[in-house]
Amino acid sequence: MTDNNQPSNNMTSISGNAGDNRLRGSGAENEYIQGKEGNDDLAGYRPGDYPTENAYDLLSGGTGDDKLYAVGGSQADLYGDEGNDQITIIENLDNRDLAGNIKIYGGDGDDTVKSYAGDGIKISGGSGKDKIIVYGGTDVEINGNSGNDSIYLNKHSGGYHGDIASIINPGEGNDYVRGSMYSEVLLFNRGDGADRINLASLTTSGRTTEQNIIRFGDNISVSDIDLDDSGSQYIITLKENGINTSDSITILYQDNILLEFADGTSYDINNLPAPVYGTDGNDVISSYQDIKAGDGDDLITLQHSSLPGEPVRTAEGEAGNDTITGESAAGTHLKGGTGDDTLITTMGYNEGMPDAPVTILEGGIGNDQIRTTGSGNEIRFGLGDGQDTLSLTEDWNRLNDDYIQFGAGITQNDLRLITFTDSQDMLLQILQNGEPTGDTMTIQVADGYNQTDYNYTLKFTDGTETSLLSVDGYLQGTSAADTISSYQDIKAGDGDDLITLQHSSLPGEPVRTAEGEAGNDTITGESAAGTHLKGGAGDDTLITTMGYNEGMPDAPVTILEGGIGNDQIRTTGSGNEIRFGLGDGQDTLSLTEDWNRLNDDYIQFGAGITQNDLRLITFTDSQDMLLQILQNGEPTGDTLTIQVADGYNQTDYNYTLKFTDGTETSLLSVDGYLQGTSAADTISSYQDIKAGDGDDLITLQHSSLPGEPVRTAEGEAGNDTITGESAAGTHLKGGAGDDTLITTMGYNEGMPDAPVTILEGGTGNDQIRTTGSGNEIRFGLGDGQDTLSLTEDWHRLNDDYIQFGAGITQNDLRLITFTDSQDMLLQILQNGEPTGDTLTIQVADGYNQINYDYMLKFADGTEIKISQLPTPLMGTDSADILYADSSQHIGVKAGAGDDTIHVSVSEYATEVFIADGEAGNDILITNAAAAVHLKGGAGDDQLEVTDNPVIVQPDTPAVILEGGIGNDTIKTSEQQDIILFNSGDGYDTVTFAMYQAPDSQPDIIRFGEGISASDLSFQGSVDLEISVNNSGQPTGDQITITDIASVDSAIQLEFADGTSHNLSDFWLI
């Protein structure tokens, strides 16, 4: 049925305009009636006039929702064109028999076609959701085309004129068809969708000898039919490769239907070859019919054998671990389903029958065993099918007809063939995106045969094919210590293997790989071109011998990759790529010959390693070099040692270094240091130095200009002497031990941007001697007792500073000066207590402390000058006379000797000033009315507070008088004084002031721990003796208060248990 709405030359044209037209033909001529745009009403006749027998009308609605009319028995072609059109064939009133002369084309849109009369009418609905109703006529052809169409055929009073009332092709889409009481033919093809049909009962209409026919298209056979007749309707579902598709026919309320197939076979719908169904148990089934075994571990035998033209029979194990045997090798389809199944074919009949159908063996999901006999077998394998094993039971020479068919998603590039050193078996590994999926097929090679006897053809869904032995792959070793020599890729497995890769790639050929995997392997590549030696885990040795890439610029490089472990890599010839990554351990790289060809070799670092992550270490006792791998500036433990052969030097081994970010550099341009030994080394260098253990003598010759990196000389362990020959851009680090750090005249004078010189003694008692300006002296907690001195250029000290480490603040420093020296001692405190760490600043002869007023800097960003630190006044071991002032000192420590200490404290002082006589018979005198603590220390001391007519400020601490151990004499003032007395303090004599100043608080005698009120006894007359007892016995400790009658009775006695009493509570004054 051809769709052509173009008029011929002998037709009269009647055309409408762009609006809604109502056009009528004469009915007596050949007329072309064209509606154009708009919703048109077109007919080839006028009311009451019917077309003559020879008149032909061509109606074209054009765009719009048009109405087209013709008369049954006339000659007309009607085209609805675009839009939701209504096309009607009215009844033939004069019973003219002009069968086959009306053709209807609905075109695009949801059209409605009604035919009330006319045999041989041909209707094409076109695209869209069409509704086609035929009320009469025979030999009607209906094509729904695309869309979800509805087609109705009804009985007409005009009678029945043939064996077939109509041929219906619903076309693509989910269509509905209702038949007449006469026999119809329904056409159905793949892709037609899910149709529903209601064919009238021919039995009810008395037509018991006739049948409705469903005629299937090409590539559909009875084996592709899945019939469900379990309910009141039949459902036919099409299968493809044994899998149900979305194409189906639902048959409502019918009987007497014949199914016809393109191969010439036909079946009554009630007599289709029915499969044999198993149960959910473990069934034993043997049949010539199709079999569906259900759940359970079933034992199945398919006895069928198809001759050419016969349908293929299927035995499907479905769920469970099934054993399925096909008793012939022709025309059977064995399907394991889910589970670990065994599929077996026995001798078939297809030998000498080239058109006999193949036998299909499809293991399905699970780890299946597939055993074939004879030729003509198709083994199917798809993604997710698991680990299958394929074997032949006999007839090896007939394998050339067998093939493996891979499912969707598997291409040639998704296969890897693995062979083995201890077996002829082969393993096909299935990949996706280059990675194993876990799906494999093992091809077992029988004894007495080899791999070439099993060179299956491999076929793919894209139509391509190849042979098994042409698939790329590798040779697999065992877990033992293998000796392997091969031209193909190698994976040696566990064990300490000895591997030789004999392959050499020319330009354009693939690179071959030998991988040691686990174990301490030795891998030799016999050429230096196109091989990849991979050590894997373990301490491996990788060796290349002379290759063929000399003079071949396009030859592929040889790759040597030690992997995890401490590997030895030995190269020969040019064109070698040495790979090293994070976690690869401590590898060693050496050349065996051809030093002059090293310019083509390079080291390729893996992901996460950049130029900034490398440190090059050279040695005082060797030409070898060590590349250290860092992360965040810290060593990872990964290193690459470059061994330099005798007679060569480091410049002969200046490898190119490449990185994953595309950058590259040379080995000797990597920053690093010179490493000393554990002995007492003498080292002089321009590069960074780490001297190692031993008492080393080190000279750092480097001087950094602005923008250049600072160089470091580190003594490490031992009592080292480190000299920096310039005062700019060097970092001298003593490390552990009593070190001496010295700087000589530098070059940073007049260069404000020149980097400072850093001197860091480290742990131990170090000597630091600086020259010139721009020196940073570092000192931290635990650094010991260091000494800092200047050798010359005192006037340039203003640029020097001392940098304290973490945990040291301004409040943690105490500056101690001496009566017999200009030197200063910086004492480091923690929680106010000395740590033992000190920094002595030595003042040279002819200079004073002002010349050494260093800037002090702290980790919290604060800074202060030494002169701004509070300083205690320190005495000597002689008999010192000391004058202490709270505005200049933070206290007094008089030292040993019979010292005299005069203490002056501001009347506005809020912090207590402590004057400690320490050892000796000391005299401590203060005129302070408050905020002073006189401590006699050991010895027979005199403590005196002279009267000072000042007003004591509110909340100011009282004067504290503590004689300490010895027989001390204490005199108080008219202000409140506190006398401390402890067990073991001896015989003290206290003279209280005769008068107390107005508003003054009473004086206090405060007893220490272990002395309570009950331990005291009182006696005397002029003087009062207060004795300290222990269990009623005198301890020898006593306080004598002179002239007790003149003493204020409000004097308080306080005890450590928190109790207090007036003196008058114990002695009547």
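Quick note: the sequence shown uses the UniProt record's numbering, first residue 1, plus one each step. All C-beta atoms in this analysis are idealised placements derived from N, C-alpha and C, irrespective of residue type, glycine included.
Query raised in the report: Where Thr389 and Met441 are concerned, what is the direct C-alpha to C-alpha distance, given to the nearest angstrom?
Result: 6 Å
Query - Residues that DSSP places opposite residue 1070 in a beta bridge - result: Summary: the structure shown does not reach residue 1070, with the chain confined to residues 1 through 1069, and so no result is reported for it.
Report task. Measure the CB-CB distance between Val945 and Thr910 and report whether it falls below 9 Å. Result -> no
Report task. State the DSSP-derived secondary structure class of Ser180, mapped to helix, strand or coil. Result -> coil
Requested in this report: Sort out for me which residues DSSP pairs Arg711 with in a bridge.
Outcome: Thr730
**Report entry** Gln868 versus Ile850 - alpha carbon distance
**Finding:** 11 Å
Query - Given Asp922 as reference, the closest of Asp885, Thr956, Ala55, Gly875 once Cα atoms are compared - result: Gly875
Report task. Take the Cβ of Tyr277 as the centre, count every other Cβ of all protein chains shown within 10 Å, and call the residue buried at 16 or more, exposed below. Result -> exposed
Requested in this report: Can you grab the Cα-Cα spacing for the pair Gln842 / Asp955, in whole Å?
Outcome: 42 Å
Query - beta strand (DSSP E) segment containing Phe1007, residue limits - result: 1004-1007
Query raised in the report: Excluding five sequence neighbours on each side, which residues of the same chain lie with their C-beta closer than 7 Å to the C-beta of Ala717?
Result: Asp693, Gly735, Ala736, Gly737
Query - Local conformation of Leu390 per DSSP, three classes - result: strand
Query raised in the report: Any contact of the segment 461-471 with the segment 483-494, i.e. 3+ C-beta pairs under 8 Å?
Result: no
Query raised in the report: Hey, out of Tyr648, Thr345, Asp947, Asn321, whose CA is closest to Thr332's CA?
Result: Thr345
Query raised in the report: What residue does the beta strand (DSSP E) around Lys971 start on, and which one ends it?
Result: 969-971
Query raised in the report: If you pair each beta-carbon of the segment 649-666 with each one of the segment 603-612, do three or more pairs fall below 8 Å?
Result: yes
Report task. Check each candidate in His503, Thr641, Ala993 and name the one with the smallest Cα separation from Gly585. Result -> Thr641
Query raised in the report: Thinking C-alpha only, which one of Thr663, Ala76, Asn39 is nearest Ala18?
Result: Asn39
Requested in this report: Compare the Cα-Cα distances from Pro709 to each of Ile698, Thr757, Thr699 and report the closest residue.
Outcome: Thr757
Report task. State the start and end residues of the unbroken beta strand (DSSP E) segment that holds Ala10. Result -> With the sequence shown as reference, residue 10 is identified as Asn, and Ala is not the correct amino acid for it. No beta strand (DSSP E) holds Asn10; DSSP gives it neither H nor E.
**Report entry** Contiguous beta strand (DSSP E) assignments of at least 3 residues, all confined to the segment 631-657
**Finding:** 634-642
Query raised in the report: So, helix, strand or coil for Gly852, using DSSP?
Result: As written in the sequence, residue 852 is Tyr, which differs from the Gly given in the question. Helix, per DSSP.
**Report entry** Option nearest Thr620 by Cα separation, candidates Ile220, Ile689, Thr787
**Finding:** Ile689
Requested in this report: Return the CA-CA distance between Ser221 and Thr265, expressed in angstroms with no decimal places.
Outcome: 8 Å
Query raised in the report: Is the Cβ-Cβ distance between Ile285 and Leu272 less than 9 Å?
Result: no
Query raised in the report: Applying the criterion that 16 or more other CB atoms from any shown protein chain within 10 Å of the CB defines a buried residue, is Asp820 buried or exposed?
Result: exposed
Report task. For Gln1052, I'd like the list of residues in its chain whose CB is within less than 8 Å of its CB, leaving aside the five on either flank, ordered along the chain. Result -> Pro1002, Asp1003, Ile1004, Ile1005, Ser1060, His1061, Asn1062, Leu1063
Query raised in the report: DSSP state of Thr222, grouped into three classes?
Result: Sequence check: residue 222 is Val here, not Thr. Val222: helix per DSSP, three-state reduction.
Query - Alpha carbon of Thr665 to alpha carbon of Ile802, nearest angstrom - result: 38 Å
**Report entry** Cβ separation of Ala194 and Ser150, assumed to be a contact under 8 Å, to the nearest whole Å
**Finding:** The Cβ separation is near 14 Å, so there is no contact.
Requested in this report: Assign Pro357 to buried or exposed, taking buried as 16 or more other Cβ atoms, counted over all protein chains shown, within 10 Å of its Cβ.
Outcome: buried
**Report entry** Segment contact flag, the segment 364-371 with the segment 415-423, C-beta cutoff 8 Å, min 3 pairs
**Finding:** no
Query - Between the CA atoms of Asp947 and Thr723 - distance to the nearest angstrom - result: 60 Å
Query raised in the report: Where does Ile1044 fall in DSSP's three states?
Result: helix
**Report entry** Per DSSP, the bridge partner or partners of Phe420
**Finding:** Ser423, Gln476
Query - Leu1068 burial status per 10 Å Cβ neighbour count (16 or more: buried) - result: exposed
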